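Peer 1: Quick one: the structure is below, and I'll ask about it shortly.
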Amino acid sequence: MPVFHFEQSKLCPCLSGAFFDTKCSHQRAHFISKHSEAALTALQSIHQIHILHEDIRHENILMGDRGITIVDFGHSRQSNNKIAKKQEYQELCRLLKLA
């Protein structure tokens, strides 16, 4: 199973750890706006090889010194279901507050 990481260094220390840390909301918002495209591209790459993550939620979207990382492929499956792919993409957009 491929692993998708989008590296970024020298981020605010408050971005490490929980996705929705209540501290430094301005820096978190800047980080998300800067790196959300990479996270969406990663999900599209997964979909292009016919894999659905099947568990897109806050706990599986990590922010830290490596950028935004999608983790936990324990529920993933092979599928070319375009509706399911669109739903996952929309859910990731919602979680990143892009929708």
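Under the working numbering, the first residue of the sequence shown is numbered 13, with each subsequent residue one higher. Built from N, CA and C at the ideal position, the CB exists for glycine as well. Every value quoted in this text rests on a predicted model; they were computed, and no experiment measured them.
On a Cα-Cα basis, can you pick out the residue from Q56, L52, Q90 that is closest to L108?
Peer 2: Taking the first residue of the sequence shown as position 1, residue 108 is located at position 96. With distances taken between Cα atoms, L108 lies closest to L52.
Peer 1: What residues in its chain sit with their C-beta under 7 angstroms from that of E66, if we drop five residues either side in the sequence?
Peer 2: Looking up residue 66 in the sequence shown gives position 54. Excluding positions up to five away in sequence, the list reads H87, S88, R89.
Peer 1: How many whole angstroms separate the CB atoms of I73 and I80, which I take to be in contact at a CB cut-off of 8 angstroms?
Peer 2: Locating residue 73 in the sequence shown gives position 61, where the first residue counts as 1. Locating residue 80 in the sequence shown gives position 68, where the first residue counts as 1. The pair is a contact, with the Cβ atoms about 7 angstroms apart (cut-off 8 angstroms).
Peer 1: Smallest Cα separation from R69: which of Q56, F85, I58, G76?
Peer 2: For the purposes of this step, residue 69 is taken as the residue at position 57 of the sequence shown. Measuring from the Cα of R69, the nearest candidate turns out to be F85.
Peer 1: Could you tell me the alpha carbon to alpha carbon distance between T34 and M75, rounded to whole angstroms?
Peer 2: Mapped onto the sequence shown, residue 34 falls at position 22. Mapped onto the sequence shown, residue 75 falls at position 63. Low confidence applies to T34: its pLDDT is 44, below 50, so where it sits in the model is not reliable, and the reading given next is rough at best. Approximately 13 angstroms between the Cα atoms of the pair.
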